[in-house]
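Chains as they are written, first to last, in the UniProt record's numbering: chain A, 1 to 388; chain B, 1 to 727. Note sheet for the following structure.
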Amino acid sequence: MSLYVNSQRSWSTRAGRLLAARPRRIDWPLLSCVLVLCAVGALLVWASTASDGDPLESTQYLRRYLVHVAIGLVACLLVASVDYRVPRAYAPIVYLVGVVGLALVLTPLGEVINGSRSWIVIGGMQAQPGEVAKIGLILGVAMLLGEPRDGEHAPMTRDVLFSLVALAVPLGLILAQPDLGTAMVLCSIYLGMLTLSGAPIRWVIGLICCGVVGALSVWWFGLLQDYQLARFATFVDPTADPRGAGYNANQALIAIGSGGFIGTGLFDGEQTRGNFVPEQHTDFIFTVAGEQLGFLGSSLIIGLFAFIIWRTLQIARECDHPYGRLVCVGVAVWMTFQCFINIGMTLGIMPITGLPLPFVSYGGTAAVANLTAVGLVLGIYARDRGFG
Amino acid sequence: MKTRRRAAHARHEARRPGRFGLFLAQILVLSLFAVLAGRLWYLQVPRAEHYARLAAANHTQDLIVPATRGQIIDASGVPLVRNRTELVVSADYHALLEQEDGGDAVLRRVADILDRPFEEVRGRTRLCGPTVSRPCWPGSPYQPITLAEDVEPRVALQIMERQDEFPGISAQQQAVREYPGADNAAQMLGYLQPVTQEELEEREELRARFSGVDRVGRDGLEAVYDDRLRGEPGVRTFAVDNHGNVTGIVSESAPRPGQHLVTHIDADVQDIVEKALARGIERAKQAGYPADSAAGVVMDVRTGGVIAMASVPTYDPEVWNGGIDQETYDRLLSKEAGEPLTSRALQGQYPPASTFKVASLAAAVENGAPLEQSYACPSSINVGDRAFRNYESSAHGSISLHKAIVVSCNTVFYQFGYDMWRADGGTRPVANPKDPMPRMAKGFGFGQPTGVDLPHESSGRIPDRRWKQEYWEATREDSCKRAETGYPEVAKEDPAHAEYLKKVAHEQCLEGHVWRAGDAANFAIGQGDVLVTPLQTARAYAAIANGGTLYEPRVGKAFVSADGRQVERIEPVVAGRLPIDDTTLTYLQDALEDVPKEGTARGAFAGFPQDKVSIAGKTGSATIVGKRESAWFASYAPADDPQFAVVVFISQGGTGGAAAAPVAREIYDGIYGFATPADGGAAQQGADGQTPPGRVGPPALPGGRPPAELPTVRSDGTVAAPEGYEK
């Protein structure tokens with residue numbers, strides 16, 4: 001009973017302290033960069049979906065995007081404002097929610113959208129458990145690798161093996177969808193975190209070797225879907241089949257290239273307005289930036305991402321606790337991987353994979369997940385500052 | 001102990017997960033993003049123009065809006081070629097594509113009301129390609145696809161009124177060429193055909209101006225003045241999305257209608273010439289001649305303008321409308337149908353026969369033969385080892401050059417040719433032979449294209465020593481072979497002719513290069529290897545008439561803009577002057593004036609009011625081995641104030657006086673509104689002039705002159721005749 005009262009009191013006092021201290025404890029550069037990206041995302045989603053018709057219909061994607069971002073920001077600030085050890089405590093739950101969601105995708109609740117079964121629909125609401133799984137994995141792996149046993153400074157073999165299991169479960173479910181893009185994100189998050197966790201380097205090298213052998217055997221035994229192979233073939237030579245798999249890549253290049261230095265102006269790109277680039281409010285949204293905002297606007301977006309990730313890693317460097325550090329690393333790797341693949345594919349230097357651009361692409365679950373991840377990083381920064 | 005601690009500390013530092021590792025990670029992240037930024041720069045700055053070009057090609061589509069083609073009208077404003085609209089049913093390719101069944105149901109209904117098989121209608125909506133053969137659509141999918149041409153208004157109305165049943169289908173009016181004169185002047189007017197891929201590739205500048213389904217002038221005036229008549233098509237540039245759906249209009253330029261072409265042609269005179277030729281052929285056939293083809297030219301001697309030009313057989317150019325079928329096309333090119341596409345007037349090459357004597361006389365006089373002197377006209381003379389005879393071996397004793405022309409005495413001219421040949425050294429020519437005859441012939445414009453504004457003109461042939469040498473070199477091998485083998489294929493039917501041919505081949509093989517006395521003599525009366533076109537003859541006689549100016553014949557007289565505001569005259573072009581002095585010319589004119597009065601054309605012009613309009617002319621009867629003689633009459637009128645040159649040629653139609661001159665007379669009758677005897681005057685020889693008049697109408701050219709003023713095109717496109725020429 002007294003415990004209960006005590007914890008109640010401690011919660012309220014902590015919250016009070018937080019509110020008072022918030023201006024000092026929020027990493028404003030990071031948060032404002034994310035907010036700017038969300039604003040840019042809102043404009044681009046609007047520009048790529050606006051039609052000449054009814055204004056209500058014309059702005060429906062914009063309005064939904066703003067709702068997603070609003071929910072995401074609430075989640076972000078909520079996560080940021082509590083002690084990062086609280087979410088750590090909930091890490092197993094978040095992880096389990098992600099895994100159960102992924103499992104549900106494979107049940108009749110799952111829905112096939114754009115060739116992969118990555119969605120669950122409950123009561124008209126769509127959600128992508130894959131996004132939840134990313135956060136779950138980061139928290140789970142950070143817990144397993146970031147809290148070395150007494151007397152050790154780095155995770156031991158047993159920790160690594162546990163963490164591998166933590167990776168394997170969602171990975172297997174995602175590959176069953178199949179969603180190669182998200183699977184690659186999970187692998188890279190895990191590899192990044194493992195590398196920087198201080199775990200024996202042989203594990204890292206060994207896993208990479210396993211990955212390479214695995215990839216080769218997948219190729220060799222023809223386990224990839226035809227469309228996936230076609231995407232990779234197209235990546236090697238985008239002009240090979242301009243109306244087929246190379247069409248997307250080609251049109252994306254044309255859209256970005258024709259934007260030039262200053263762009264065609266927001267709402268004004270013929271290439272994107274004519275729907276030549278597919279999926280342009282989601283995976284290919286960077287082409288809208290490229291065409292309509294030109295080099296000036298698009299390079300600003302790249303710069304913002306670079307800063308956000310650099311900043312995240314900086315917070316990791318300044319964090320004394322391995323758990324917090326690993327969470328930051330996980331978030332940074334996640335963002336880096338998705339940004340580089342997403343922007344890279346529109347620029348013709350990466351194969352076409354169905355990964356959205358964080359903060360900018362239209363997509364509810366992703367927006368909430370990305371902003372929650374930012375909240376985690378902000379929380380770690382705040383604690384770090386707060387408690388030294 | 002101390003070292004152990006230090007080692008542990010070092011180990012601790014080393015394994016302490018990485019501040020350094022995180023620093024490296026930061027560097028890695030920044031470099032990755034630097035790569036993205038660099039790539040972005042490359043695409044958007046140095047390569048921007050390249051992609052902008054690709055983008056522009058990507059999302060616009062041009063629709064060519066053809067301009068209204070200009071009319072071709074005659075000198076008094078009568079349309080020779082105009083535009084008629086017909087109703088066509090067409091389909092919108094994309095609208096069909098968007099329907100659930102790809103438009104099958106709609107097309108079935110269309111096929112039903114058009115009363116055509118569904119497969120054909122469906123087939124027409126496919127885009128032509130390497131694997132798609134006709135019926136298919138050769139044009140752009142942004143152009144309305146023609147499903148049926150010349151449909152009844154009832155069908156068109158049904159389609160337009162029940163649009164809910166026929167989505168994507170429309171009926172509209174389309175312009176096609178119409179020829180009010182039917183088959184008159186068909187070869188001269190020409191025709192239109194869809195532009196071919198080859199033509200587009202050949203003529204770079206055309207590519208921008210054609211949609212691939214447009215028609216281009218393929219012959220005659222339609223071809224020569226294609227650029228003027230065509231106008232500038234409008235281009236409507238659509239913005240399209242990735243499905244080809246039109247999302248808006250980027251730019252639009254209105255079509256600029258083509259200019260009208262006013263010609264020197266007079267539709268009435270043209271009609272008179274066509275009909276007179278037809279009757280002339282009929283008469284010749286009745287007289288037992290093959291009369292396989294004919295040509296007639298009426299030229300304005302003061303400008304070289306072509307007032308009428310006809311070629312028989314002819315055809316109705318309507319056959320080209322709506323895509324000619326193979327059968328009709330083959331027939332147009334066939335020998336049996338008389339190759340009606342060929343204009344005998346400017347592509348036919350025939351020996352000019354006695355009409356050529358005007359050049360021979362001039363050559364002889366310029367070469368020193370006195371005008372005022374008598375020349376012997378025996379029935380035959382010996383040239384080399386052969387006797388050259390007069391027509392029907394008539395003899396006229398000692399006559400003047402005037403009379404030599406009037407009675408068409410061959411022997412006088414044989415002698416001239418022979419004498420000049422000898423003066424040049426005969427078979428062993430002097431270093432620089434004067435060759436007065438070929439020189440004069442070329443001075444009269446023979447042996448070269450006249451430069452008329454019509455395509456495919458023949459140049460004729462004026463043979464001389466050099467031509468013979470070249471011809472021999474080109475044909476020697478064949479001749480020598482034939483001299484050996486003979487002509488067995490001819491021998492089966494006509495052994496005598498085969499023997500003759502073999503002898504000729506033998507001679508050709510041995511000494512075909514030698515310009516012999518016989519060649520020179522034949523040349524002088526326009527026989528042998530001399531070939532001219534009726535148009536060349538008309539121009540030469542026009543030059544004699546007008547005092548010696550050789551014009552480039554012109555059919556086109558002026559271009560008038562569609563609204564009639566701008567007028568651009570086609571000025572006469574002088575090609576040269578006859579190389580003879582005025583005395584000779586006047587002498588020649590006098591002689592020619594007597595031919596229809598007391599000479600070889602006397603019969604044909606019996607009863608013609610020569611006191612009102614004096615005709616000057618010359619008959620000719622051309623002989624070609626193995627064929628019946630062909631009739632010529634070359635003339636001009638009025639002799640005292642020349643306006644028109646009229647040349648008539650009937651292939652294998654008889655003598656010039658009997659077959660060609662009556663046709664010319666009928667033409668003059670028509671121009672001046674005189675009465676023509678019912679039988680065309682052919683049987684008039686010796687008659688009393690009591691024959692009842694055939695056609696009597698108002699003069700085709702009031703006042704006996706072609707109009708000097710141009711017809712007026714009003715802003716609404718209608719045409720008013722020049723004053724005094726209203727019809």
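Just so you know, even glycine gets a beta-carbon here, dropped at the ideal spot from N, CA and C.
(request) Going by CA-CA distance only, name the one from A/V360, A/G269, A/A255 and A/E291 that's closest to A/G72. (result) Residue numbering aside, residue 72 of chain A sits at position 72 when the first sequence is read from its first letter. When only C-alpha atoms are compared, the closest one is A/V360.
(request) Closer than 7 Å, Cβ to Cβ, to anything on chain B: give me those residues from the segment 258-285 of chain A, in chain order. (result) Cβ contacts with chain B come from S258, G259, G260, F261, E270, Q271, G274, N275 and F276.
(request) List the residues of chain A whose Cβ lies closer than 9 Å to the Cβ of B/V23, in chain order. (result) Along the second sequence, read from residue 1 onward, the residue named residue 23 of chain B stands at position 23. For the sequence presented, residue 23 of chain B should be read as Phe rather than Val. Think of a sphere of 9 Å around the beta carbon of B/F23: the chain A residues whose beta carbon falls inside it are L313 and R317, in chain order.
(request) Specify, as a first and last residue, the run of the alpha helix (DSSP H) that A/W46 falls within. (result) If you number the first sequence from 1, residue 46 of chain A lands on position 46. It spans W28 to T49 - the alpha helix (DSSP H) in which A/W46 sits, taken as one unbroken run.
(message) Would you say A/F295 lies against chain D (beta-carbon separation less than 7 Å)?
(response) Among the protein chains in the structure shown, which are A and B, there is no chain D.
(request) Report all residues from its chain with a CB closer than 6 Å to the CB of B/A185; omit the five preceding and five following residues, and keep chain order. (result) To locate residue 185 of chain B, count along the second sequence from 1; it is residue 185. Annotation for B/A185: Q270 place their beta carbon closer than 6 Å to its own, counting only its chain and skipping 5 residues before and after.
(request) Within the segment 39-65 of chain B, note down every full alpha helix (DSSP H) run reaching 4 residues or more, in order along the chain. (result) Restricting attention to alpha helix (DSSP H) runs no shorter than 4 residues, the segment 39-65 of chain B encloses them at 48-58, ordered along the chain.
(request) Output, in sequence order along the chain, the residues in the segment 44-71 of chain B whose CB is closer than 7 Å to any CB in chain A. (result) Q44, V45, R47, A48, H50, Y51, A52, L54, A55, N58 and H59: these are the residues of the segment 44-71 of chain B whose beta carbon lies less than 7 Å from some beta carbon of chain A, given in chain order.
(request) Could you list which residues in chain A have their beta carbon closer than 7 Å to that of B/F33, in chain order? (result) Here the question's residue 33 of chain B lines up with position 33 in the second sequence. Ordered by position in chain A, the residues that pass the 7 Å Cβ test against B/F33 are I302, F305 and A306.
(message) Can you tell me where the beta strand (DSSP E) holding B/P79 begins and where it ends?
(response) Numbered from 1 along the second sequence, position 79 holds the residue referred to as residue 79 of chain B. Here the beta strand (DSSP E) through B/P79 covers P79 to A91.
(message) Can you tell me which residues form a DSSP beta bridge with B/W137?
(response) Here the question's residue 137 of chain B lines up with position 137 in the second sequence. In the DSSP output, where bridge partners are listed per residue, B/W137 has B/L127.
(request) Go through its chain and collect everything with a Cβ distance to B/N546's Cβ below 7 Å, but skip five positions before and after it. (result) In the second sequence, residue 546 of chain B corresponds to position 546, counting from 1. Apart from sequence neighbours up to five positions away, the residues of its chain that approach B/N546 with a beta-carbon distance below 7 Å are V301, R302 and P642, ordered along the chain.
(message) Please report the straight-line C-alpha distance between B/A404 and B/Y487, rounded to a whole angstrom.
(response) Along the second sequence, one-based indexing puts residue 404 of chain B at 404. Along the second sequence, one-based indexing puts residue 487 of chain B at 487. Roughly 40 Å separates the two Cα atoms.
(message) Among B/R428, B/N522, B/K618 and B/D464, whose alpha-carbon lies nearest the alpha-carbon of B/K442?
(response) Looking up residue 442 of chain B in the second sequence gives position 442. Residue nearest to B/K442 within the set B/R428, B/N522, B/K618 and B/D464 is B/D464 (criterion: CA-CA distance).
(message) Does any residue of chain B have a CB that is nearer than 7 Å to the CB of A/F162?
(response) Counting from 1 along the first sequence, the entry for residue 162 of chain A is found at position 162. Not closer than 7 Å to any Cβ of chain B, the Cβ of A/F162 fails to qualify, so no.
(request) Go to B/E552, then tell me how far its beta strand (DSSP E) extends in each direction, as first and last residue. (result) In the second sequence, residue 552 of chain B corresponds to position 552, counting from 1. For B/E552, the enclosing beta strand (DSSP E) stretches over residues T549 to E552.
(request) Could you tell me which of A/M193, A/P322 and A/R202 sits nearest to A/T157, measuring between CA atoms? (result) Locating residue 157 of chain A in the first sequence gives position 157, where the first residue counts as 1. Nearest neighbour of A/T157 by Cα position, chosen from A/M193, A/P322 and A/R202, turns out to be A/R202.
(message) Just to confirm before moving on: does the CB-CB distance between A/M335 and A/I315 stay below 7 Å?
(response) For the purposes of this step, residue 335 of chain A is taken as residue 335 along the first sequence, with counting starting at 1. For the purposes of this step, residue 315 of chain A is taken as residue 315 along the first sequence, with counting starting at 1. Not closer than 7 Å, so no.
(request) For the alpha helix (DSSP H) holding B/S334, just list the boundary residues, first then last. (result) Position 334 of the second sequence holds residue 334 of chain B. Run containing B/S334: none; DSSP gives neither H nor E here.
(request) Please confirm if B/Q347 has its CB atom under 7 Å from at least one CB of chain A. (result) Within the second sequence, the letter at position 347 stands for residue 347 of chain B. Chain A contact via Cβ: absent.
(message) Cβ closer than 8 Å: which chain B residues qualify as neighbours of A/W310?
(response) The residue labelled residue 310 of chain A in the question sits at position 310 within the first sequence. Per Cβ cutoff of 8 Å: Q26, V29 and L30.
(message) Let me see if you follow: with CB-CB separation under 7 Å, is B/R19 close to chain A or not?
(response) Within the second sequence, numbered from 1, the residue matching residue 19 of chain B stands at position 19. Cβ-Cβ to chain A under 7 Å: yes for B/R19.
(request) Give a yes or no on whether the minimum CB-CB distance between A/T336 and chain B is below 7 Å. (result) Within the first sequence, numbered from 1, the residue matching residue 336 of chain A stands at position 336. Answer yes: the Cβ-Cβ gap between A/T336 and chain B drops below 7 Å somewhere.
(message) Between B/L36 and chain A, is any beta-carbon pair separated by less than 7 Å?
(response) To locate residue 36 of chain B, count along the second sequence from 1; it is residue 36. B/L36 counts as touching chain A.
(request) Answer yes if the segment 338-358 of chain A comes into contact with the segment 262-275 of chain A, meaning at least three C-beta pairs across the two stretches below 8 Å, and no otherwise. (result) At 8 Å Cβ cutoff, the stretches do not touch.
(message) Let me see if you follow: with CB-CB separation under 7 Å, is B/L40 close to chain A or not?
(response) Here residue 40 of chain B corresponds to residue number 40 of the second sequence, with the count starting at 1. Closer than 7 Å: yes.
(request) Classify B/E709 as buried or exposed, calling it buried when 16 or more other Cβ atoms lie within 10 Å of its own Cβ. (result) Mapped onto the second sequence, residue 709 of chain B falls at position 709. By the neighbour-count rule (16 or more Cβ atoms within 10 Å), B/E709 is not buried but exposed.
(message) Can you pull the chain B neighbours of A/L253, defined as C-beta to C-beta under 8 Å?
(response) Against the first sequence, residue 253 of chain A aligns to sequence position 253. Neighbourhood of A/L253 in chain B, by CB distance below 8 Å: L43 and Y51, in chain order.
(request) Quick one: using the 10 Å Cβ neighbour count with 16 as the cut-off for buried, is A/I256 buried or exposed? (result) As a position in the first sequence, residue 256 of chain A is number 256, starting the count at 1. By the neighbour-count rule (16 or more Cβ atoms within 10 Å), A/I256 is buried.
(request) Along the beta strand (DSSP E) that carries B/K727, what are the first and last residues, could you check? (result) The residue you call residue 727 of chain B lines up with position 727 of the second sequence. No residue range can be given for B/K727, since it is assigned to no beta strand (DSSP E) and is classified by DSSP as neither H nor E.
(message) Given a cut-off of 7 Å on the beta-carbon distance, is the pair A/G136 and A/L355 in contact?
(response) Indexing the first sequence from 1 puts residue 136 of chain A at position 136. Indexing the first sequence from 1 puts residue 355 of chain A at position 355. No.
(request) Measure the C-alpha to C-alpha separation of B/K727 and B/G703 and round it to an integer number of angstroms. (result) Start at 1 with the first residue of the second sequence, and residue 727 of chain B comes out as number 727. Start at 1 with the first residue of the second sequence, and residue 703 of chain B comes out as number 703. B/K727 and B/G703: Cα-Cα distance of roughly 14 Å.
(message) Distance check for A/C76 and A/D83, CA to CA, integer angstroms please.
(response) Translated into the one-based positions of the first sequence, residue 83 of chain A becomes position 83. Translated into the one-based positions of the first sequence, residue 76 of chain A becomes position 76. Whole-angstrom Cα-Cα distance: 13 Å.
(request) Provide the residue span of the alpha helix (DSSP H) that contains B/F523, from first to last. (result) Working through the second sequence from its first residue, we reach residue 523 of chain B at position 523. Bounds of the alpha helix (DSSP H) holding B/F523 are A517 to A524.
(message) On a Cα-Cα basis, can you pick out the residue from A/A142, A/F307, A/I262 and A/G246 that is closest to A/E291?
(response) One-based indexing of the first sequence puts residue 291 of chain A at position 291. It is A/I262.
(request) Label A/Q128 either buried or exposed according to how many other C-beta atoms from any shown protein chain fall within 10 Å of its C-beta, with 16 as the threshold for buried. (result) Residue numbering aside, residue 128 of chain A sits at position 128 when the first sequence is read from its first letter. Buried, by the Cβ-count rule.
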